[in-house]
Amino acid sequence: MQYDDEYNKTRPKRYNYILQYLWKITLIIQIIKLSQLLVFQYFKQVICI
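Quick note: the sequence shown uses our numbering, first residue 31, plus one each step.
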């Protein structure tokens with residue numbers, strides 16, 4: 031019984047940790063996409079000039 035209680039206390043922390051981790055991954059992916067877009071725009075300008 032005590033084990034279950036301890037597990038239930040730590041589970042939300044683990045869940046929050048996983049959510050934070052996923053959020054960071056999605057943020058990094060967004061930044062990479064944005065940077066690729068910027069680089070692509072830059073190269074288009076360079077090629078046009």
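A virtual CB, placed ideally from N, CA and C, is assigned to each residue, including glycine. Being a predicted model, the structure only gives us computed values, none of them experimental.
Alpha carbon of residue i to alpha carbon of residue j, nearest angstrom
i   : j   : result
F10 : L64 : Past the edges of the chain, shown from 31 to 79, lies residue 10, and the structure says nothing about it.
Y72 : I55 : 26 Å
K39 : L49 : 17 Å
W53 : Y47 : 10 Å
Q89 : Q66 : The question about residue 89 has no answer here: the residues shown for the chain are numbered 31 through 79.
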